[in-house]
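> Position 320 of the sequence shown, counting from 1, maps to 320 under the numbering used here, and the rest follow consecutively.
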Amino acid sequence: MKALLLKLSTMDSETEAALRVIAYFDALAMRSATAEMIVRGAAAIAEAPAGLALSDGTTLRFDSSGARLSGRSPDAVLEETVGGIRAWIERAGDPNPLDALVLERFAIVATTASRERPVRQPTELSDPTSLELILSGREPLAERSVALRRLGLSPDAASVLIAVALDDDGAGVDAPVEELLHQLASTMKVRGARLGPVGAVIAQPNPGRETETLVRTVRDLIAGSRLASSARARFGIGVPGTALEAPTGWDSARTALRFARRRASGSSIVDADDLGPMIHLAQVEPERWMSDPRVRVLRELAGQESGAVDLEVLEAYLSLGTLRTAGQSLHMHHSSVASRLARLEERLDLDFTLPSDLFQARLCIYAATLAANR
Numbered sequence: 001m002k003a004l005l006l007k008l009s010t011m012d013s014e015t016e017a018a019l020r021v022i023a024y025f026d027a028l029a030m031r032s033a034t035a036e037m038i039v040r041g042a043a044a045i046a047e048a049p050a051g052l053a054l055s056d057g058t059t060l061r062f063d064s065s066g067a068r069l070s071g072r073s074p075d076a077v078l079e080e081t082v083g084g085i086r087a088w089i090e091r092a093g094d095p096n097p098l099d100a101l102v103l104e105r106f107a108i109v110a111t112t113a114s115r116e117r118p119v120r121q122p123t124e125l126s127d128p129t130s131l132e133l134i135l136s137g138r139e140p141l142a143e144r145s146v147a148l149r150r151l152g153l154s155p156d157a158a159s160v161l162i163a164v165a166l167d168d169d170g171a172g173v174d175a176p177v178e179e180l181l182h183q184l185a186s187t188m189k190v191r192g193a194r195l196g197p198v199g200a201v202i203a204q205p206n207p208g209r210e211t212e213t214l215v216r217t218v219r220d221l222i223a224g225s226r227l228a229s230s231a232r233a234r235f236g237i238g239v240p241g242t243a244l245e246a247p248t249g250w251d252s253a254r255t256a257l258r259f260a261r262r263r264a265s266g267s268s269i270v271d272a273d274d275l276g277p278m279i280h281l282a283q284v285e286p287e288r289w290m291s292d293p294r295v296r297v298l299r300e301l302a303g304q305e306s307g308a309v310d311l312e313v314l315e316a317y318l319s320l321g322t323l324r325t326a327g328q329s330l331h332m333h334h335s336s337v338a339s340r341l342a343r344l345e346e347r348l349d350l351d352f353t354l355p356s357d358l359f360q361a362r363l364c365i366y367a368a369t370l371a372a373n374r
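1. Whole angstroms is fine: what's the gap from Ala368's alpha carbon to Val270's?
2. At the level of alpha carbons, what is the spacing between Gly93 and Ala42?
3. Going along the chain, which residues of its own chain have a beta-carbon closer than 7 Å to the beta-carbon of Val102, five neighbours each way excluded?
4. How far does the beta strand (DSSP E) with Met188 in it reach, from first residue to last?
5. Looking at the secondary structure, which residues open and close the alpha helix (DSSP H) in which Ile89 lies?
6. CA-CA distance, Leu377 and Leu314?
7. Quick check: what's the CA-CA separation for Asp273 versus Ala200?
8. Leu339 bridges to which residues according to DSSP?
9. Of the choices Leu311, Ala223, Asp310 and Val337, whose alpha-carbon is the least far from that of Thr322?
10. Spell out a yes or no on whether the stretch 129-138 and the stretch 148-155 are touching, meaning 3 or more CB-CB pairs, one atom from each, closer than 8 Å.
11. Could you compute how far the alpha carbon of Ala426 sits from the alpha carbon of Asp251?
12. With DSSP collapsed to three states, give me the class of Ser306.
13. Are there 16 or more other CB atoms within 10 angstroms of the CB of Arg40, so buried, or fewer, so exposed?
14. Just the C-alpha distance for Arg138 and Ala282, rounded to the nearest angstrom, thanks.
15. Determine, using beta carbons only, whether Ala203 and Val239 come nearer to each other than 8 Å.
16. Given this structure, state the Cα-to-Cα distance separating Ser291 from Ile365, to the nearest angstrom.
17. Thinking just about the alpha-carbon of each residue, which of Ser145, Ala185, Glu345 and Arg262 is nearest to the one in Ala243?
18. Quickly, what does DSSP pair Pro205 with across the bridge? List them, please.
19. Would DSSP call Ser126 helix, strand or coil?
20. For Pro122, I'd like the list of residues in its chain whose CB is within less than 7 Å of its CB, leaving aside the five on either flank, ordered along the chain.
21. Per DSSP, what kind of secondary structure is Cys364 in: helix, strand or coil?
22. If you follow the alpha helix (DSSP H) that Glu79 is in, where does it begin and where does it stop?
23. Using 8 Å for Cβ pairs, my map puts Arg294 next to Ala372. What's the rounded Cβ distance?
24. Count the other CB atoms within 10 Å of the CB of Gln183; is the residue buried (16 or more) or exposed (fewer)?
The structure is reproduced here in structure tokens:
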């Protein structure tokens with residue numbers, strides 16, 4: 001394909017140049033090129049930015065080097081509308097003699113690509129083999145790029161990975177993954193599958209949508225879903241990056257999942273970015289954490305119905321800072337909060353009026369959670 005991208009200025013004649021333009025777009029059509037590939041090709045052969053607006057509202061723009069541009073098209077363009085899609089070339093100054101032909105072939109091939117775009121139900125689980133390939137740092141970039149396109153995802157688009165766990169052995173994790181796909185599909189492109197005991201979901205903003213708020217949007221949608229009320233569901237949100245950087249995002253998502261504590265009520269959602277340097281605690285061997293007597297106490301409490309509630313109270317108090325606000329967040333009277341905290345102070349041999357002991361309590365919660373989620 002690259003051999004066809006000869007600069008038009010070096011052609012021997014306009015006829016030869018026109019034939020090369022036709023051959024180039026015919027080759028794209030024969031290879032079932034994606035809409036993104038077609039726009040990139042049009043921009044490269046025209047030596048000017050090109051764009052495409054599909055009938056579903058998707059807008060794609062690339063410059064002549066193949067770099068993605070903002071989804072908003074400029075006012076002054078050479079454009080053509082065919083079959084419900086709008087194609088354009090953004091030529092500064094006088095048009096090139098072959099711009100009309102390039103635009104015509106661009107629009108025709110883009111219409112074909114638009115019709116043949118695979119329709120995938122976003123709430124269906126994807127092929128786990130493809131998803132494993134995408135998340136593997138050992139696979140070549142080219143193979144991961146092909147796997148991404150196979151799932152209808154863009155390799156260079158902003159992406160965020162979510163790790164999902166349901167219970168100790170991962171039984172039934174398909175259900176929360178499907179529910180998460182359903183919840184996120186209304187605002188973004190998502191694919192997911194079960195990988196052993198853990199569910200994996202990759203999310204990308206729809207073209208033209210903001211990428212800066214991607215993680216916040218994902219977290220808000222999870223928190224607002226039916227999954228938020230499930231005490232068995234835990235979520236780890238990875239550090240955002242491009243889809244080709246998914247292996248790094250997946251590693252951080254799984255690490256964040258280890259910090260997601262099993263709760264007495266409600267799901268647990270942890271964002272890797274929110275952990276800051278605390279994320280490196282995950283590198284400590286669980287056996288070393290369990291050698292600490294306070295960590296062992298918290299692990300013991302987590303396995304008891306009343307003890308699990310005590311841990312909810314402690315975590316709320318550490319996060320909110322006062323008995324009253326902790327009680328309000330848990331729908332519990334502040335005197336009950338005080339009583340449970342006093343019991344924990346005795347068991348842990350800590351004084352929650354001292355900042356150093358509050359830090360110890362927070363660190364012990366992290367340690368007990370990491371020891372449980374290996």
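Every residue gets a Cβ at the ideal spot worked out from N, C-alpha and C, and that includes glycine.
The short version:
1. Here residue 368 is taken as the residue at index 368 of the sequence shown, counted from 1. Here residue 270 is taken as the residue at index 270 of the sequence shown, counted from 1. Their backbone Cα atoms lie some 16 Å apart in a straight line.
2. For the purposes of this step, residue 93 is taken as the residue at position 93 of the sequence shown. For the purposes of this step, residue 42 is taken as the residue at position 42 of the sequence shown. If I take the Cα positions, the gap works out to 18 Å.
3. Translated into positions along the sequence shown, residue 102 becomes position 102. Same-chain partners within the cutoff: Val21, Ala42, Ile45, Ala46 and Ile89.
4. In the sequence shown, residue 188 corresponds to position 188, counting from 1. Start and end: Met188 to Leu195.
5. Walking along the sequence shown from the start, residue 89 turns up at place 89. Premise fails: Ile89 lies in the beta strand (DSSP E), Ile85 to Ile89, not in any alpha helix (DSSP H).
6. Residue 377 lies beyond the range of the chain shown here (1 to 374); nothing can be said about it.
7. If you number the sequence shown from 1, residue 273 lands on position 273. If you number the sequence shown from 1, residue 200 lands on position 200. Rounded to the nearest whole angstrom, the CA to CA distance from Asp273 to Ala200 is 18 Å.
8. In the sequence shown, residue 339 corresponds to position 339, counting from 1. The residue asked about is misnamed: residue 339 is Ser in this sequence, not Leu. Answer by DSSP bridge pairing: none, since Ser339 is not bridged.
9. Here residue 322 refers to the residue found at position 322 of the sequence shown. Taking each of Leu311, Ala223, Asp310 and Val337 in turn and checking the Cα distance to Thr322, the smallest one comes out for Val337.
10. Contact between the stretch 129-138 and the stretch 148-155 is present, because at least three Cβ pairs lie under 8 Å.
11. Given that the chain is displayed from residue 1 to residue 374, the structure contains no residue 426 and the question cannot be resolved.
12. Translated into the one-based positions of the sequence shown, residue 306 becomes position 306. Three-state DSSP puts Ser306 in a helix.
13. Within the sequence shown, the letter at position 40 stands for residue 40. Buried is the label assigned to Arg40, since at least 16 other Cβ atoms lie within 10 Å of its Cβ.
14. Position 138 of the sequence shown, counted from the start, is the residue given in the question as residue 138. Position 282 of the sequence shown, counted from the start, is the residue given in the question as residue 282. Cα to Cα, the separation comes out at about 22 Å.
15. Counted from its first residue, the sequence shown places residue 203 at position 203. Counted from its first residue, the sequence shown places residue 239 at position 239. Not in contact: Ala203 and Val239 (Cβ atoms no closer than 8 Å).
16. Against the sequence shown, residue 291 aligns to sequence position 291. Against the sequence shown, residue 365 aligns to sequence position 365. Spanning the alpha carbons of Ser291 and Ile365 requires a straight line of approximately 14 Å.
17. As a working mapping, residue 243 is identified with position 243 in the sequence shown. Of the candidates Ser145, Ala185, Glu345 and Arg262, Ser145 places its Cα closest to the Cα of Ala243.
18. Working through the sequence shown from its first residue, we reach residue 205 at position 205. Its beta-bridge partners are Met188.
19. Translated into the one-based positions of the sequence shown, residue 126 becomes position 126. In the three-state reduction of the DSSP assignment, Ser126 falls in the coil class.
20. As a first step, residue 122 must be located in the sequence shown, where it is residue number 122. Only weak support is given to the placement of Pro122: the predicted model assigns it a pLDDT of 47, under 50, and the question is left unresolved by the model.
21. In the sequence shown, the residue the question calls residue 364 occupies position 364. In the structure shown, Cys364 sits in a helix (DSSP, three-state: H, G or I).
22. Locating residue 79 in the sequence shown gives position 79, counting from the first residue. Counting along the chain, Glu79 falls outside any alpha helix (DSSP H), though it belongs to the beta strand (DSSP E) covering Leu78 to Val82.
23. Position 294 of the sequence shown, counted from the first residue, corresponds to residue 294. Position 372 of the sequence shown, counted from the first residue, corresponds to residue 372. At roughly 15 Å, the Cβ-Cβ gap does not stay under 8 Å, so Arg294 and Ala372 are not in contact.
24. Reading the sequence shown from its first residue, position 183 is the one you call residue 183. The residue in question, Gln183, is buried, as its Cβ has 16 or more Cβ neighbours within 10 Å.
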